[in-house]
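Trainee: Terminal number for the sequence shown in my numbering: 200, no gaps in between. Where a beta carbon is used, it is the ideal one built from N, C-alpha and C, also for glycine. Can you read through this structure? Questions will come right after.
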Amino acid sequence: MDPPVVPADRLVGWRRVAETTERPFDAGPISVTASTVRYERSDDPTPRPFCFASRLSIRPETAPNAPLTRLVERQSKVGFRDRLADRGIEAVEQRGDREIAVDDPTASRARVWTFRGDCRPVATDRGPSDETAASAVPVEALLAVWATDQYLLAGGAYPLDAGAYPNGRNAADARRELLGIVRGVRPPAKDEDGE
């Protein structure tokens, strides 16, 4: 199963760092497989902004519906918090949610959650130094979930500290850029899909 498509024109300054397929949920006859692609900004310092896009396959095949959407949203938020923790982002708090339109006219509106936390550099084999232990950077993260004929997820995180950005960029620019990427995510065309 191929991951969703992220328009190349929205990824200027980003580099693809991973593509994975995993099964985040499996209970009896019901399973969910997620195909995900992840990108990082190539020019920003640590913590480096990242974004991702995931496409879910639910078996047995089930069309999106209200109860299933609530389950996908709830499980997606739990999984996203885990991913943030893997990247050294801790003390994560949900700050709100809203709906946004995506570029795909056949899709539902996306529900977007905003989270805030602190990023501490991940310890090396030698352990954290006094400097890294004291250098937490505030981070904002966004997670969006919406439906076409399947569920799509997209989001990412970026530092809020003005000193984390080169070339006159700032957190507001990073937020606009991330939301632009999220809005552009779409499922692969039927002939592009590897299923």
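1) Alpha carbon to alpha carbon, what distance is there between A39 and E145?
2) In three-state terms, what does DSSP make of S81?
3) What do you get for P171, buried or exposed, if any count of 16 or more other CB atoms within 10 angstroms of its CB means buried?
4) Here's a check: name, in chain order, each residue in its chain whose Cβ is nearer than 6 Å to the Cβ of G160, leaving out the five neighbours to either side.
5) With H, G and I counted as helix, E and B as strand and the rest as coil, what does DSSP make of V190?
6) Who are the near neighbours of G18 in its chain, counting only those whose CB is closer than 8 Å to its CB and skipping five residues on each side?
7) For R181 and F85, I'd like the C-alpha separation in whole angstroms.
8) Do you know how far the Cα of P52 is from the Cα of C124?
9) Could you tell me which residues DSSP puts in a beta bridge with D102?
10) For a quick check, are the C-beta atoms of S36 and P69 less than 9 Å apart?
11) Express the C-alpha separation of P65 and V142 in angstroms, rounding to a whole number.
Mentor: Taking the geometry as given:
1) To locate residue 145, count along the sequence shown from 1; it is residue 140. To locate residue 39, count along the sequence shown from 1; it is residue 34. Going from the Cα of E145 to the Cα of A39 covers about 24 Å.
2) If you number the sequence shown from 1, residue 81 lands on position 76. Correct three-state label for S81: helix.
3) Numbered from 1 along the sequence shown, position 166 holds the residue referred to as residue 171. Classification for P171: exposed.
4) Position 155 of the sequence shown, counted from the start, is the residue given in the question as residue 160. Residues of the same chain with a CB within less than 6 Å of the CB of G160, apart from the 5 flanking positions on each side, are L147, L148 and A149 in chain order.
5) In the sequence shown, counting from the first residue as 1, residue 190 sits at position 185. Here V190 carries a coil assignment [DSSP, helix/strand/coil].
6) In the sequence shown, the residue the question calls residue 18 occupies position 13. R46, S47 and D48, listed in sequence order.
7) Residue mapping note: residue 181 aligns to position 176 of the sequence shown, counting from 1. Residue mapping note: residue 85 aligns to position 80 of the sequence shown, counting from 1. In this structure, the straight-line span from the alpha carbon of R181 to that of F85 is close to 20 Å.
8) In the sequence shown, counting from the first residue as 1, residue 124 sits at position 119. In the sequence shown, counting from the first residue as 1, residue 52 sits at position 47. About 7 Å.
9) As a working mapping, residue 102 is identified with position 97 in the sequence shown. Checking the DSSP bridge columns, you'll see D102 partnered with W118.
10) Within the sequence shown, numbered from 1, the residue matching residue 36 stands at position 31. Within the sequence shown, numbered from 1, the residue matching residue 69 stands at position 64. No, the pair does not count as a contact, with Cβ atoms beyond the cut-off.
11) Counting from one through the sequence shown, the residue named residue 142 turns up at place 137. Counting from one through the sequence shown, the residue named residue 65 turns up at place 60. For V142 and P65, the gap between their C-alpha atoms comes out near 43 Å.
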